[in-house]
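Using mature numbering (1 follows the signal peptide of the UniProt record, and there is no 0), the letters of the sequence shown map in sequence onto residues -19 to -1, 1 to 90. Notes follow once the structure below has been shown.
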Amino acid sequence: MDFLSFLLVLLTAVAVSRAQVQQEPSAETSEGTGINITCSHPNIQSNDNIHWYRQLPGRGPAFIASAFKGSKEVPDPEGWLCVSADRRSSALWLARPRLGDAAVYYCAV
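Right, here's the structure in full:
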């Protein structure tokens, strides 16, 4: 089966008051092929949640999910949000991305 290739654009870094997050600038996958989008937040405070958003072309950012630690199922886009035990990193796993999931993905604390 021939899958279209598409690009998921990621935010490289966001500074939010006392915390900073870092992401790879871009990631690419084929439609239907899972992808892991990672985020580093080494200076996270003890009471901060990790939030993920996506911004589709021509639209504002939309909330996907948030978590304190552990794993959480994400309904749209289908996948999982996983926060490491030390909470210094997180990953958004898109299980079966579609062409319509091509967007800018942001993590924030």
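We treat Cβ as the ideally placed atom computed from N, Cα and C, and that holds for glycine. What you are looking at is a predicted structure, and each value in this text was computed from that prediction instead of being measured.
Helix, strand or coil for residue i? Go by DSSP, reduced to three states.
{"i": "L37", "result": "coil"}
{"i": "G15", "result": "coil"}
Work out the CA separation of residue j and residue i for me, nearest whole Å.
{"i": "S12", "j": "A84", "result": "Here residue 12 is Glu; the residue named in the question, Ser, does not match the sequence. Roughly 13 Å separates the two Cα atoms."}
{"i": "residue 111", "j": "D67", "result": "Since the first residue shown for the chain is -19 and the last is 90, residue 111 is missing from the structure and cannot be characterised."}
{"i": "W61", "j": "C88", "result": "14 Å"}
{"i": "R79", "j": "N28", "result": "34 Å"}
{"i": "V90", "j": "G15", "result": "25 Å"}
{"i": "H22", "j": "V55", "result": "20 Å"}
{"i": "N24", "j": "S65", "result": "14 Å"}
Do residue j and residue i count as a contact pair if the criterion is CB distance below 9 Å?
{"i": "R40", "j": "E59", "result": "no"}
{"i": "S52", "j": "T19", "result": "no"}
{"i": "L75", "j": "T10", "result": "yes"}
{"i": "Y86", "j": "Q26", "result": "no"}
The beta strand (DSSP E) spanning residue i covers which residue range?
{"i": "F49", "result": "Premise fails: F49 is in no beta strand (DSSP E) and is neither H nor E."}
{"i": "S65", "result": "Note, S65: premise wrong, no beta strand (DSSP E); not H, not E."}
{"i": "L73", "result": "70 to 75"}
{"i": "V85", "result": "85 to 89"}
Per the contact definition of three or more C-beta pairs closer than 8 Å, is the segment 20 to 35 in contact with the segment 43 to 58? yes
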